[in-house]
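Undergrad:
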């Protein structure tokens, strides 16, 4: 079975631009969460979606938004990029939003 | 004070040694405890997932949770060079809530 897949794997953007990151969960998993991991730190929670509904939101500015589609895939959008948004963005899926979450390989975003 | 504290290391041990990794936390409401392994430039891989206090063993890995001390541990027996990675402890309040991670411990196993 395929694991969690994220695209693109790497991305370079300029300050002020917008970016969309994509995630496909493990087949049968209905919950998707997004995390930001800055170098040398643990992942920080951004959003959780379950059955297309937002279930939780972390302490991130409104420039960050997300959505989940009927096929349970998800997009993370970040507007007005800042240098500090440079990080590894991780998507995790779980069967029903429980804590046994499985992560994808991440999208490494560099803002210049 | 961070909710979850983890020594960043680096920790270097010889092949075959027993490795002990630890985390402390401040909020007694945490109920679910996890350990993830993360290789360089990869996503975290779930190693152990436990609920409440007690021990759980899976092959060379043993996870321990002591809720009275707000302390969790991961033991790796017969460590191998392939175990060299960053180990992240993580926990959550309920089965459906966000996961809160420690900052990770870098582990290196010397051949």
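Protein chains in written order, with this note's numbering: chain P, 60 to 171; chain L, 37 to 147. Every residue, glycine too, gets a C-beta built ideally from N, C-alpha and C.
#1: Give the secondary structure of residue 124 of chain P by DSSP, where H, G and I count as helix, E and B as strand, and everything else as coil.
#2: Report the residues of the stretch 69-87 of chain L with a CB closer than 8 Å to any CB of chain P, ordered along the chain.
#3: Is the beta carbon of residue 140 of chain P less than 9 Å from the beta carbon of residue 74 of chain P?
#4: Residue ranges of each beta strand (DSSP E) run of no fewer than 3 residues wholly in the stretch 78-159 of chain P, ordered along the chain?
#5: What separation, rounded to the nearest whole angstrom, lies between the Cα atoms of residue 137 of chain P and residue 160 of chain P?
#6: So the candidates are P:169, P:154, P:77; which of them puts its Cα closest to the Cα of residue 162 of chain P?
#7: With residue 103 of chain L and residue 88 of chain L assumed to form a contact (beta carbons below 8 Å), what rounded beta-carbon distance in angstroms separates them?
#8: List the DSSP bridge partners of residue 91 of chain L.
#9: Beta-carbon of residue 94 of chain P versus every beta-carbon of chain L: anything under 9 Å?
#10: Take residue 105 of chain P as the anchor and find which of P:83, P:129, P:134 has the nearest alpha-carbon.
#11: Could you tell me which residues DSSP puts in a beta bridge with residue 46 of chain L?
TA: Quick answer:
#1: strand
#2: Taking a C-beta cut-off of 8 Å against chain P, the contacting residues of the stretch 69-87 of chain L are 70, 72, 77, 78, 79, 80, 81, 82, 85, listed in chain order.
#3: yes
#4: 78-83, 90-96, 103-109, 112-116, 123-127, 133-137, 146-153
#5: 23 Å
#6: P:154
#7: Residue 88 of chain L and residue 103 of chain L do touch by the CB rule: their CB atoms are close to 7 Å apart, below 8 Å.
#8: In the DSSP secondary-structure assignment, residue 91 of chain L is bridged to L:100.
#9: Closer than 9 Å to some Cβ of chain L, the Cβ of residue 94 of chain P qualifies, so yes.
#10: P:134
#11: Note: residue 46 of chain L sits in no beta bridge, so no partner.
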